[in-house]
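Participant:
Numbering (the numbering used here), first residue to last: -6 to 318.
1) Going by beta-carbon coordinates alone, are residue 274 and residue 218 separated by less than 8 Å?
2) Confirm, please, whether the CB-CB distance from residue 209 to residue 157 is below 8 Å.
3) Assuming contact is defined by CB atoms lying nearer than 8 Å, are residue 1 and residue 35 in contact in what I supplied?
4) Taking the straight line between their C-alpha atoms, what separation do you get for residue 66 and residue 154?
5) For residue 156, report the span of its beta strand (DSSP E) as first-last.
6) Tell me residue -3's beta-bridge partners as DSSP assigns them.
7) Do residue 105 and residue 16 have their C-beta atoms within less than 8 Å of each other?
8) Need the endpoints of the beta strand (DSSP E) that residue 267 sits in, please.
9) Which partner residues does residue 66 have in the DSSP bridge list?
10) Please work out which residues of its chain come closer than 8 Å, Cβ to Cβ, to residue 298, disregarding the five sequence neighbours upstream and downstream, and give them in chain order.
11) Name the DSSP bridge partner or partners of residue 303?
12) For my contact list, residue 6 and residue 242 are in at a C-beta cut-off of 8 Å; report their separation, rounded to the angstrom.
13) Which of helix, strand or coil does DSSP assign to residue 316?
14) Sort out for me which residues DSSP pairs residue 3 with in a bridge.
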């Protein structure tokens, strides 16, 4: 099994966005040492507690600190941008870091209606054009458009991935001949049948291409179940605050108060969608997903806790390459 990392550069309470980016770098460096396959950065705009609004810029910073782990946009929100510029950005990254760049393609707005309007005057029209936009982007990546070239031309082209949370996105990836990432952490749909359908219907766009898929999950692992639940509680409380327009202070280091009855019920639901537990419990859950590659999202206050969570999972599932990070 392959394990990978999804990072949203979360803000910790009392820290700055610069601290969040430094934590992201440390996480990628640690993930590389531990044997993780990919490190992807999300794209969000003006969302409380998240600093990753320009993943293509952050990846240049991360790439300079690493040497082998694959780096990806998870995902570039294509309706906001011209495909030609997206190709140029990823060709530049692939030139700087040959054979290591993944181009993740998404269609979500990435923020509020006000942010969407600030980014794009016709977002919904562009969403309807997604099949066309993807074709255009792939033509620049594959260098099949003879009218213009998205320079620089890298020695190894970026790998294109379509990201989604439904069978529709999987079919898009299969039809377009791209790799596919299912966001289980954001979906109530069982991702395994969706991924299996992608594999069944995949049609390569180039003779050398082959199908590959992964599933993204939220996971918090600690030495004990009790400690994992304590960490999960801090993330849950921050998400609840963010849902009502607060949460700008970032993820708290700890939550000392008792949860209300309503919060306890919501926390139980939260734990059903996020894998929380000790290494054996988390590893068993990940193995039951039934996929070849699992990408893990673990936003916590302390970078040491985040790295420790990835370390425990890597050790339990047997991918860990080094005795320490």
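For every residue, glycine included, the Cβ atom is placed at its ideal position computed from N, Cα and C. Being a predicted model, the structure only gives us computed values, none of them experimental.
Facilitator: Result, derived from the coordinates:
1) As a working mapping, residue 274 is identified with position 281 in the chain shown. As a working mapping, residue 218 is identified with position 225 in the chain shown. One thing to note: residue 274 has its Cβ within 8 Å of the Cβ of residue 218.
2) As a working note, residue 157 is residue 164 in the chain shown. As a working note, residue 209 is residue 216 in the chain shown. No.
3) Start at 1 with the first residue of the chain shown, and residue 1 comes out as number 8. Start at 1 with the first residue of the chain shown, and residue 35 comes out as number 42. Taking 8 Å as the Cβ cut-off, residue 1 and residue 35 qualify as a contacting pair.
4) Your numbering for residue 66 matches position 73 in the chain shown. Your numbering for residue 154 matches position 161 in the chain shown. Each residue's alpha carbon lies about 9 Å from the other.
5) Sequence index remark: in the chain shown, residue 156 carries index 163 (1-based). Counting along the chain, the beta strand (DSSP E) containing residue 156 begins and ends at 152 to 157.
6) Numbered from its first residue, the chain shown carries residue -3 at position 4. Answer is 288, bridged to residue -3.
7) The count along the chain shown starts at 1 and reaches residue 105 at position 112. The count along the chain shown starts at 1 and reaches residue 16 at position 23. Against a cut-off of 8 Å, the Cβ pair of residue 16 and residue 105 comes out as no contact.
8) One-based indexing of the chain shown puts residue 267 at position 274. Taken as a continuous stretch (DSSP letters only), the beta strand (DSSP E) holding residue 267 covers 267 to 270.
9) Here residue 66 refers to the residue found at position 73 when the chain shown is read from its first residue. Residue pairing by DSSP places residue 66 opposite 34, 96 in a beta bridge.
10) Counting from one through the chain shown, the residue named residue 298 turns up at place 305. Only 215, 224 meet the Cβ criterion.
11) Indexing the chain shown from 1 puts residue 303 at position 310. None; residue 303 has no bridge partner.
12) Looking up residue 6 in the chain shown gives position 13. Looking up residue 242 in the chain shown gives position 249. Correct: roughly 5 Å between the Cβ atoms.
13) Numbered from its first residue, the chain shown carries residue 316 at position 323. Per-residue confidence for residue 316 stands at a pLDDT of 41, beneath the threshold of 50, marking its modelled position as unreliable; the derived number appears in the next sentence. Residue 316 falls in the coil class under three-state DSSP.
14) Indexing the chain shown from 1 puts residue 3 at position 10. Paired residues: 43.
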